[in-house]
Amino acid sequence: RPLTDLDQAIIGTLENQLSMPLDTVKYLMAIDADTKIDSDSISHMIYRMNKDDKILALCGETRIENKRDSWVTCIQVFEYYTNHHMKKA
């Protein structure tokens with residue numbers, strides 16, 4: 001398939017800004033700035049991806065720590081639930 005704008009941006013950033021040749025990158029993790037990752041998460045994800053070549057992407061579970069702080073964070077709980085559990089099931 002032809003490269004998308006996102007593909008080109010990722011490749012450009014890896015090679016030009018981070019000096020990482022594309023052929024040396026096996027895994028790429030994208031997270032939000034305020035995301036906390038459990039210490040075992042990455043090893044579990046890599047294990048599963050190495051075990052099954054059909055797995056091309058993984059998604060972790062999203063938990064909102066401040067879900068009761070405001071009505072906005074309460075709505076986020078619903079949004080994350082519908083996106084992660086219903087659409088990806």
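Taking our numbering, I'd label the letters of the sequence shown as residues 1 to 89. By construction, the Cβ of each residue, glycine as well, lies at the ideal position given by its N, Cα and C atoms. Note that the structure is a prediction, hence the values are computed from the model and not measured.
Review point. Looking only at its own chain, which residues have a Cβ that is under 8 Å from the Cβ of Gln76, when we skip the five neighbours before and after it?
Key: Excluding sequence neighbours, Gln76 sits near Ile64, Lys67.
Review point. Using a Cβ-Cβ cut-off of 6 Å (strictly less than) and excluding sequence neighbours within five positions of Met45, which residues of its own chain qualify?
Key: Hits under 6 Å: Leu58.
**Study point:** Of the residues Ser43, Ala30, Gly60, the one placed nearest Leu6, counting alpha carbons only
**Key:** Measuring from the Cα of Leu6, the nearest candidate turns out to be Ala30.
Point to revise | As assigned by DSSP and simplified to three states, the class of Glu15 | key: Note: Glu15 maps to helix in three-state DSSP.
Practice item. Return the Cβ separation of Leu22 and Ile11 in integer angstroms, given the expectation that the two are a contact with Cβ distance under 8 Å. Key: The pair is a contact, with the Cβ atoms about 6 Å apart (cut-off 8 Å).
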